[in-house]
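Step one of this worksheet: look at the structure below.
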Amino acid sequence: MYTRVMKKVFIVHGLDGTPNGGWRPWLMSELQKMDVYACALSMPNQSDPKLSEWMEEIARHVSNSKGDDIYLIGHSLGVPAILNYVETSPPDTKLAGVICVSGPSKKIAHEKVSHFLEKPFDFETIRSKVKKFSVIHGDNDPVVSLDNAGYLSEQLKCDLVIVPNGKHLNGSAGFTQLPECLDELKTMF
-4 MYTRVMKKVF IVHGLDGTPN GGWRPWLMSE LQKMDVYACA LSMPNQSDPK LSEWMEEIAR
56 HVSNSKGDDI YLIGHSLGVP AILNYVETSP PDTKLAGVIC VSGPSKKIAH EKVSHFLEKP
116 FDFETIRSKV KKFSVIHGDN DPVVSLDNAG YLSEQLKCDL VIVPNGKHLN GSAGFTQLPE
176 CLDELKTMF
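Numbering (this note's numbering), first residue to last: -4 to 184.
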């Protein structure tokens, strides 16, 4: 019996985010046109997030998709949620790609999210479980400074895509599309 390997993209929003906010609906629509399954996850307690709950939600979707090519895209707090998930996932976890959009990578003083970044990431372990990475960041992000993106791209050994005047690359910054993210995914495919 032949089983077709599907490309599946799971998108993880940030603090106070929603699955249908910003550029996520546009990206899912574009991927659907390419016959790629795409789902923006509804993360639990988005206004008072718990890292363990977010990691469990990501794990649930990934484990239900064994045998498929899985790509994870995180926006803002979704980035450290994904990195924590990958780092602590079983050693045989193999993801096709991870895209980090406007994500913090270093410890920050924010009571609701600091526990997502309590300890430094084990980037060697993370890199061993993912084929390709990409980091996308606005050059003038008022929420997560650009040096976070530089650090992440250096540690993940991947390209850094800088979006001029991108701010936090979210709906409030006027981003209902993010072609840079689609381009990075196409490169990974």
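In this text, a Cβ means the ideal position worked out from N, Cα and C, and glycines have one as well.
Which residue from the options puts its Cα closest to that of residue i?
i    : options                  : result
A144 : A76, E25, P14 and S97    : S97
L151 : V158, P44 and K124       : K124
V7   : M183, G16 and V0         : G16
K114 : F128, F170, P99 and M1   : P99
S60  : V4, L46 and V138         : V4
E51  : T83, L141, C34 and H70   : T83
C95  : L147, W18 and Q41        : L147
P85  : M23, C34 and A54         : A54
T171 : R19, V81 and L177        : R19
D43  : V31, D136, E149 and E106 : E106
Taking a contact to mean a Cβ-Cβ separation below 8 Å, would you say residue i touches residue j in this structure?
i    : j    : result
V108 : L10  : yes
V156 : L164 : no
N79  : L46  : yes
D134 : G161 : yes
M38  : W21  : no
I131 : E179 : yes
M183 : K101 : no
A76  : F111 : yes
Considering just the uninterrupted stretch of the beta strand (DSSP E) at residue i, what are its terminal residues?
i    : result
V7   : K2 to V7
S148 : Element bounds for S148: not the beta strand (DSSP E) but the alpha helix (DSSP H), L141 to L151.
I103 : Taken as a continuous stretch (DSSP letters only), I103 belongs to no beta strand (DSSP E), as it is neither H nor E.
K61  : Unbroken run through K61: none, as it is neither H nor E.
L155 : L155 to V158
Which two residues bound the contiguous alpha helix (DSSP H) that contains residue i?
i    : result
H215 : With the chain covering -4 to 184 only, the question about residue 215 has no answer from this structure.
H73  : First, the amino acid is wrong: residue 73 is Gly here, not His. It spans G73 to T83 - the alpha helix (DSSP H) in which G73 sits, taken as one unbroken run.
L231 : There is simply no residue 231 to check, as the chain begins at -4 and stops at 184 in what is shown.
K28  : R19 to K28
What distance in whole Å lies between the Cβ atoms of residue j and residue i, which are believed to be in contact at a cut-off of 8 Å?
i    : j   : result
G62  : Q41 : Their Cβ separation, rounded to whole angstroms, is 30 Å, which puts G62 and Q41 out of contact at 8 Å.
V138 : S71 : 7 Å
task: Check whether the segment 55 to 67 touches the segment 82 to 93, counting contact only when three or more Cβ pairs, one atom from each stretch, lie closer than 8 Å.
output: As far as the Cβ criterion goes, the segment 55 to 67 touches the segment 82 to 93, which means the pair count is three or higher.
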